[in-house]
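Quick mapping for you: the protein sequence lines, in order, are chains A and B.
One rule links them: number in the working numbering = place in the first sequence (from 1) + 186.
One rule links them: number in the working numbering = place in the second sequence (from 1) + 291.
Each residue gets a CB set at the ideal place from its N, CA and C atoms; glycine is no exception.
One structure is given below, encoded as C-alpha cells.
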Amino acid sequence: MTEPGFLDIISFGRDGWGPVLAAGAWMTILIAIAGFAIGGVIGIFGAWAKISGGPVVRGSAEAFTTVLRGIPDLLVIYLFYFGGSAVVTAVGQFFGQEGFVSFPGFLAGALAVGITSGAQQTEVYRGAFRAVHPGELEAATACGMGRLLKFRRITAPLTLRHALPGLGNVWQVVLKESALVSVTGVVELLRQAQIGAGSTSRPFDFFFIAAMIYLAISTVSGLVLQVTERRFSRGVRRG
Amino acid sequence: MDIQFALETFWSLLSALPLTLKLAATSIALGSVLALGLALARLSGNLALDLFARAYVFLFRGTPLLVQIFLIYYGLSQFPAVRHSIFWPLLREPYWCAVLALMLNTAAYASEIIRGGLLSVPHGQVEAARACGMGRFMIFRRIVMPQALRQALPGYGNEMISMVKATSLASIITLMEITGVAAKIISESYRVIEVFVVAGVIYLAINFALTRLVAFAEHRLNPQLRPPLPISAELKGEAH
C-alpha cells in the first residue's frame, strides 16, 4: 500500500479515510449530546437543591459543584471507566462470570462528561433563576397557579431564556471535553484520528483534520445557539 | 476504604506534585506574555495584527486541548524540516510539547480576559495622562496596566485554575504528573475510589491555595476598596 496523500485522508473514495472520520465525528456529537443531557438533568436538580434545599441538601450540592470544578475532568473519566469496570466485574463474578469485564467506554464517557457538565449547568441554572424577576413569580401565585403549573408556564421558560447563553458555553466545553473520552477506547473523532495517524506516517494531517472538524462542529453549533438565543429573547426590550 | 493503601497512594502522588506545578507555572507564565501580545494586537488598530489575533483565538478556543497536544507531540514529527531543526531536541521531549500546547492554549483564553481588562480602563484616564505629558509606554505602565490588571484578575484566576486541571492531559503523552501516576496506580491495583479521592484532594488543595493567592493579590491591587486605616496617632487640634 502506498502512502496516502493529504487528499486521500479526507476523501470518501476506496482508500479514503473520509467515512471513518465522519463516523468518528458522529460519535463525538453523540457523546457530547448524551453528556450534555445528563448534565442538564443534574444541573436542574442541583440548582433546585441550591435554591430551595435545606442546609444539608444545599451543602451537599455546594460540595458537589466545588469538587467537580476543582479536579481535572480526565480524573473523573478514569473514575467512571475503571470504577465502572470494577463494579461490572464484581457483578459478573457474583453471577459466576470469570475474569475482568470492562465497562462500556461510551457509557463511562457520557456519565463522566455529564457529571462535570452537571456541575457547570447547576451554576448556570442557578444564576438564570436569580435573573428572573420575583414579581413575575409572585404574579403567577397571585393568579392562583399551582406549584407545578407555575413552574411549567412561568419559572421554566423564563429561567431557560436567561440560561441560554450560559448553556451555550457549557455545550462548547462539553464538545471539547468529549475528546478526552478517547482514552477509554471509544472510537470517536480523536481516537479515529489517532488510529489513522498510527497506521500511516501522517500524524499531523490526521490531527489537523480532526481539529478542523471540531472547529466546524463548534462553529455551526455556535451559530445555531445564536439564532436560538435571538428567537427566545424576542420579547426582551434591548436597552 | 483502605487507609493504609490511601496513605501509600498519597505519598506516591505527592512525589508527582512538583511536575504538575512546574507544568502549570511554566505554561501560565509563558502564556501570559503571549496573551498580552495577542490582546495588544487585537487593540492595536492594525488590521493584519487584529485579524491574526482573532484567527488565533478562534482556532485555539474552538478545538480540544488534547488535539492540540497531539498535533504538537505526534504531528510535528511528520515534517523532516522540524526533525532537522534546532528545536527538535526540545520538541522531542513530551515535557516541552506539553508546555508548548498548554501555553498556546491558555494564551488564547487569557488574551480575551486581558483585552476585557484593557478595554475597561476609561478613556478619560488615558487622555488625562497624555495631558500630563506622559509618553505611550509610560501611560501603559503607570495608568492602563495597573487598572486593567485589577479588572482582569478574577477572570485570570479562573483561567489559572483551569490550567492546573489541564496539566492532567500531559499524562496522555507519557508524563507522570499526578493524574499519570494515579492512572498507573489504578491500573495496577484496581482500587479506583481510594486513588480518585486522594488525587482529587491534592488537586482541590492546589486550586484552593491558588484561589487564596489570587484573592490576596486582588486585595493588594485594590487599595481603594479597602476601608481606610484607622488613624493611630492622637489627633492634635483645637478643642471644641
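Where the alpha helix (DSSP H) containing residue i begins and where it ends
i             : result
residue 391/A : 389-418
residue 433/B : Where residue 433/B is concerned, there is no enclosing alpha helix (DSSP H), given that its DSSP letter is neither H nor E.
residue 372/A : Element bounds for residue 372/A: n/a, residue is neither H nor E.
residue 422/A : Note, residue 422/A: premise wrong, no alpha helix (DSSP H); not H, not E.
residue 426/B : Careful: residue 426/B lies outside any alpha helix (DSSP H) and carries neither H nor E.
residue 499/B : 483-512
residue 215/A : 204-238
residue 459/B : From DSSP, residue 459/B is part of no alpha helix (DSSP H); its letter is neither H nor E.
residue 466/B : Neither: residue 466/B is in no alpha helix (DSSP H) and is coded neither H nor E.
residue 360/B : 356-361
residue 301/B : 294-305
residue 364/B : Run containing residue 364/B: none; DSSP gives neither H nor E here.
residue 255/A : 241-256
residue 322/B : 308-334
residue 345/B : 338-353
CB contact flag (residue i, residue j, <8 Å)
i             : j             : result
residue 468/B : residue 397/B : no
residue 363/A : residue 302/A : yes
residue 225/A : residue 304/A : yes
residue 495/B : residue 257/A : yes
residue 421/A : residue 371/A : no
residue 344/A : residue 415/A : no
residue 403/A : residue 215/A : yes
residue 228/A : residue 300/A : yes
residue 483/B : residue 265/A : yes
residue 330/B : residue 430/B : no
residue 445/B : residue 509/B : yes
residue 438/B : residue 412/B : yes
residue 333/A : residue 419/A : no
residue 341/A : residue 232/A : no
residue 308/B : residue 351/B : no
residue 337/A : residue 365/B : no
residue 534/B : residue 340/B : Any answer about residue 534/B is impossible in this case: the structure gives chain B only from 292 up to 531.
residue 443/B : residue 323/B : no
residue 313/A : residue 352/A : yes
residue 481/B : residue 272/A : yes
residue 304/B : residue 420/B : no
residue 287/A : residue 274/A : yes
residue 485/B : residue 297/B : yes
residue 466/B : residue 386/B : yes
residue 498/B : residue 435/B : no
residue 487/B : residue 261/A : yes
residue 412/A : residue 356/A : no
residue 370/B : residue 390/A : yes
Beta-carbon proximity list for residue i, same chain, < 7 Å, skipping 5 on both sides
i             : result
residue 376/A : 365, 368 and 396
residue 187/A : Residue confidence for residue 187/A is low, a pLDDT of 46 falling below 50, so the modelled location carries little weight; the figure read from the coordinates is stated next. Around residue 187/A: no qualifying Cβ.
residue 368/B : 374
residue 205/A : 198
residue 434/A : Shown here, chain A extends from 187 to 425; a query on residue 434/A therefore has no answer.
residue 382/B : 367, 373 and 388
residue 334/B : 406 and 409
residue 300/B : 476, 485, 486 and 489
residue 311/A : 229, 230, 233, 345 and 349
Own chain partners of residue i with C-beta closer than 8 Å, once the 5 adjacent residues on each side are dropped
i             : result
residue 514/B : none
residue 400/A : 214, 361, 362, 365 and 375
residue 512/B : 437, 440, 441 and 444
residue 428/B : none
residue 378/B : none
residue 452/B : 498, 501 and 502
Own chain residues within Cβ distance below 6 Å of residue i, not counting five before or after
i             : result
residue 325/B : 398
residue 392/B : 359, 360 and 363
residue 311/B : 458, 468 and 469
residue 407/A : none
heavy atom of the ligand FAD below 7 Å from residue i C-beta
i             : result
residue 349/B : Of the ligands one can find in the structure shown there are none, so the ligand FAD has no counterpart to examine.
### Query
Which parts of the segment 375-412 of chain B are runs of the alpha helix (DSSP H), unbroken and 4 residues or longer, counting only runs that do not cross its ends?
379-382 and 385-410
#### Entry: Whole beta strand (DSSP E) elements within the segment 275-356 of chain A, 3-residue minimum
none
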